[in-house]
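**Student:** Residue numbers (my numbering): 122 to 499.
Note that the Cβ used here is the ideal one computed from N, Cα and C, for glycine as well.
Note that the coordinates shown come from a computational prediction; the quantities given were computed from them, not determined experimentally.
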Ligand SMILES: CC(C)(COP(=O)(O)OP(=O)(O)OC[C@H]1O[C@@H](n2cnc3c(N)ncnc32)[C@H](O)[C@@H]1OP(=O)(O)O)[C@@H](O)C(=O)NCCC(=O)NCCS
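#1: Which same chain residues, not among the five before or five after residue 466, have their C-beta less than 6 Å away from its C-beta?
#2: Can you tell me which residues form a DSSP beta bridge with residue 151?
#3: Closer than 8 Å is the cut-off here; do at least three beta carbon pairs connect the stretch 346-366 with the stretch 413-428?
#4: Restricting to Cα atoms, I'd like to know which of 327, 206, 431, 369 is closest to residue 240.
#5: Looking at residue 444 and residue 346, is the spacing between their C-beta atoms short of 9 Å?
#6: Rounded to the nearest angstrom, how far is the Cβ of residue 167 from that of residue 299, given a contact under 8 Å?
#7: In the DSSP assignment, what are the bridge partners of residue 380?
#8: With respect to 8 Å, is the separation between the Cβ of residue 466 and the closest non-hydrogen atom of ligand 1 below this value?
#9: Please confirm whether any heavy atom of ligand 1 lies closer than 8 Å to the CB of residue 434.
#10: For the putative contact between residue 322 and residue 479, defined by C-beta atoms under 8 Å, what is the C-beta separation to the nearest angstrom?
#11: Could you compute how far the alpha carbon of residue 312 sits from the alpha carbon of residue 498?
#12: Could you give the C-beta distance for residue 381 and residue 350, rounded to a whole number, given that I count them as a contact under 8 Å?
#13: Would you identify the three-state DSSP class for residue 156, choosing helix, strand or coil?
#14: Out of 423, 210, 343, point me to the one whose CA is closest to residue 371's CA.
#15: Terminal residues of the continuous alpha helix (DSSP H) containing residue 301?
#16: Short of 6 Å in beta carbon distance, which residues of its chain neighbour residue 459, apart from the five on each side in sequence? Order them along the chain.
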């Protein structure tokens with residue numbers, strides 16, 4: 122069969138059907154199993170959203186209690202894993218430490234190779250729960266601190282924030298962390314979910330697939346933009362300077378971080394939710410500097426590039442929110458990974474219901490068949 126035509130970047134190539142999520146890029150809407158993220162962020166919590174994505178329906182009260190309890194009980198990480206991670210180079214990227222941690226979790230999980238539906242679901246719960254502990258722990262180790270024991274009295278997101286910062290969050294901080302986990306939980310098939318799916322389609326194990334997802338998310342074209350958006354906001358001193366900054370960067374044909382999206386051609390709905398929480402958090406901290414700079418950049422960008430359909434994406438406002446929660450920028454992408462683990466796994470479990478090995482082709486443009494020349498004759 123001759124193969125012609127290349128779908129560069131697999132742009133708009135559908136590789137599976139799904140009921141897990143859908144994005145309306147023109148209207149700026151994102152739905153998980155039919156529920157809008159705005160409504161989920163307002164009324165739900167990460168435990169319930171995780172159940173929704175894995176089971177493709179909302180849980181009953183009893184099911185939610187049971188699922189939350191299971192997540193809570195799986196939070197600890199074997200000490201052997203901490204002592205290996207403690208010996209990794211202190212300067213190594215946190216995403217690499219997280220990836221190594223997930224591989225180690227797989228290595229230490231005697232049930233990882235089981236393939237029946239119930240066993241896979243239990244493995245999924247173990248990964249989703251422990252990955253948050255891993256992120257908080259490698260973050261602390263990198264700062265020269267010891268990982269903290271999880272607090273069974275806190276929900277998934279609040280416990281994560283506590284394990285990362287050592288401080289129990291107040292009501293607003295707790296809500297913001299929960300919303301962070303909800304809004305990063307799922308986003309159809311970006312590069313990381315696709316990478317995880319490719320690995321899973323070989324019928325490899327869930328840990329290997331999640332590890333591949335982390336590797337893909339690490340890249341600056343995917344999960345790394347939130348750090349760089351915050352760096353930009355922090356390098357600018359006043360809103361007036363922000364306007365000059367944007368005009369200068371655009372004149373030099375450089376991209377402004379936290380703007381533009383392959384799918385959204387209007388406001389990313391998650392950006393608007395983060396923006397409202399940034400307003401509340403800035404009020405609480407009595408520190409509106411990052412908010413005012415981000416607002417000015419937003420209005421200048423819309424004035425300058427609105428006609429090209431370039432609008433703020435989630436990364437413009439998530440970075441300043443994390444900063445005001447007391448988190449260093451190197452943990453931003455790992456938080457994204459911890460929250461997204463459920464989206465990766467939900468897509469894998471859905472795909473396994475009717476698995477087909479993902480095996481694309483390449484169009485060969487090299488030389489025709491020719492004789493091998495031994496090295497001493499070349
Ligand atoms: C996300 C991103 C890679 C999408 O790229 P894309 O699909 O190629 O973008 P588009 O094709 O819609 O871009 C249309 C035009 O707007 C410009 N543009 C897009 N994003 C821009 C940005 N953030 N700043 C300045 N100009 C931008 C493009 O250069 C292009 O200009 P041109 O018509 O003169 O060539 C890109 O917007 C980007 O690099 N954004 C910054 C990084 C970021 O925030 N990433 C996180 C995404 S969630």
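**Tutor:** So, from the data block:
#1: If we look at residue 466 and ignore the five residues flanking it on each side, its Cβ neighbours are 245.
#2: Listed as beta-bridge partners of residue 151 by DSSP are 144.
#3: Between the stretch 346-366 and the stretch 413-428, the count of C-beta pairs closer than 8 Å reaches three or more; the two stretches touch.
#4: When each option's Cα is compared against that of residue 240, the closest is 327.
#5: No; because the gap between Cβ atoms is not below 9 Å, this pair is not in contact.
#6: So it is a contact: roughly 6 Å between Cβ atoms.
#7: Per DSSP, 433.
#8: Judged by the Cβ position, residue 466 fails to qualify as a neighbour of ligand 1 at the 8 Å threshold, every heavy atom of the ligand being at least this far.
#9: At least one heavy atom of ligand 1 is nearer than 8 Å to the Cβ of residue 434, so yes.
#10: So it is a contact: roughly 4 Å between Cβ atoms.
#11: Their backbone Cα atoms lie some 45 Å apart in a straight line.
#12: Taking a contact as a CB-CB distance under 8 Å, the pair residue 381 and residue 350 does not count as one, their CB atoms being some 12 Å apart.
#13: In the three-state reduction of the DSSP assignment, residue 156 falls in the strand class.
#14: Checking every option, the nearest Cα to that of residue 371 belongs to 423.
#15: From DSSP, the alpha helix (DSSP H) with residue 301 extends over 292-304.
#16: Cβ neighbours of residue 459 beyond the five flanking positions: 252, 253, 256.
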